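Chemist: Chains as they are written, first to last, in this note's numbering: chain A, 1 to 110; chain B, 111 to 223.
This structure is in structure tokens; I'll ask about it shortly.
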């Protein structure tokens with residue numbers, strides 16, 4: 001089955017710096033890779049996603065890159081702000097389901 | 111339009127009791143997923159409904175867990191004879207097609223005492 005690993009498990013950055021979270025997956029048939037942001041006590045919110053036919057996607061301060069050969073994809077957040085502090089989950093499709101990574105707790109220090 | 115809604119938002123029950131959790135997906139979304147999230151943990155897939163197809167129950171942890179989706183819309187997750195390890199937040203998500211662009215509800219926090 002699909003296995004999704006996510007690193008690091010915790011990440012602290014200074015406000016204004018960049019943050020990078022990396023995920024690897026095992027199923028070469030995976031074709032859709034979303035990233036979710038979950039603030040404390042809130043529901044996961046889809047922040048960006050990428051399909052397997054592109055290598056990079058950007059939306060303002062966030063971007064996702066995909067390397068299908070190496071089976072890894074990464075979330076990049078630039079010019080971090082305190083409101084970016086949350087737990088971030090990556091996921092990869094496995095058939096009609098998702099397998100989620102274990103999450104990364106990002107803290108942006110003012 | 112309205113997003114995914116779930117009820118109740120919180121449920122406290124005694125060990126051994128049955129509970130029902132409800133999910134109202136986004137109107138028109140044919141795919142509906144249930145997940146479980148234990149405190150500080152990731153999301154664990156439970157069950158998936160797509161249209162009128164047979165549900166994918168491969169994530170249900172035991173036969174005490176079951177789910178229905180009536181009329182292709184509202185879904186109910188039932189946990190029978192609840193155990194303390196069932197305590198978690200149960201999240202529902204829906205999408206217009208398969209796993210793509212899932213939108214989550216606010217969750218039901220279940221506490222089994």
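Glycine included, each C-beta is placed from N, C-alpha and C at the ideal position.
Just so you know, these numbers come straight off a predicted model, no measurement behind them.
#1: Counting pairs of Cβ atoms below 8 angstroms between the region 53-61 of chain A and the region 111-120 of chain B, do you hit three or more?
#2: Can you give the Cα-Cα distance for residue 14/A and residue 107/A, rounded to whole angstroms?
#3: What separation, rounded to the nearest whole angstrom, lies between the Cα atoms of residue 178/B and residue 114/B?
#4: Who are the near neighbours of residue 47/A in its chain, counting only those whose CB is closer than 7 angstroms to its CB and skipping five residues on each side?
#5: Once the 5 residues before and after residue 184/B are set aside, which same chain residues still bring their CB inside 6 angstroms of it?
#6: For residue 100/A, would you say it is in contact with chain B, using Cβ-to-Cβ distances shorter than 9 angstroms as the test?
#7: Taking just the CA atoms, how far does residue 160/B sit from residue 213/B?
#8: From residue 205/B to residue 188/B, what distance separates their C-alpha atoms?
#9: Within a Cβ cutoff of 6 angstroms, which residues of the same chain sit near residue 50/A, ignoring the five residues on either side of it in sequence?
#10: Am I right that residue 156/B and residue 138/B are in contact with their C-beta atoms under 8 angstroms? What's the rounded C-beta distance?
#11: Is the Cβ of residue 213/B closer than 9 angstroms to any Cβ of chain A?
#12: Going by DSSP in three states, residue 34/A sits in which element: helix, strand or coil?
Modeler: In terms of the structure at hand:
#1: In this structure the region 53-61 of chain A does not lie against the region 111-120 of chain B, because fewer than three pairs of beta carbons, one per stretch, are closer than 8 angstroms.
#2: Using only the alpha carbons, I get a separation of about 8 angstroms.
#3: Their backbone Cα atoms lie some 17 angstroms apart in a straight line.
#4: The residues are 35, 36, 37 and 62.
#5: Setting aside the 5 residues that flank it on each side, residue 184/B is surrounded in the same chain by 134, each with a C-beta closer than 6 angstroms to its C-beta; the list follows chain order.
#6: At a cut-off of 9 angstroms between C-beta atoms, residue 100/A counts as an interface residue with respect to chain B.
#7: Rounded to whole angstroms, the separation of the alpha carbons of residue 160/B and residue 213/B is 15 angstroms.
#8: A straight-line Cα-Cα distance of about 22 angstroms links residue 205/B and residue 188/B.
#9: Cβ neighbours of residue 50/A beyond the five flanking positions: 33, 57, 64 and 66.
#10: In this structure residue 156/B does not touch residue 138/B by the C-beta definition: roughly 23 angstroms separates them, more than the 8 angstroms allowed.
#11: Yes, because at least one Cβ of chain A sits closer than 9 angstroms to the Cβ of residue 213/B.
#12: Strand at residue 34/A.
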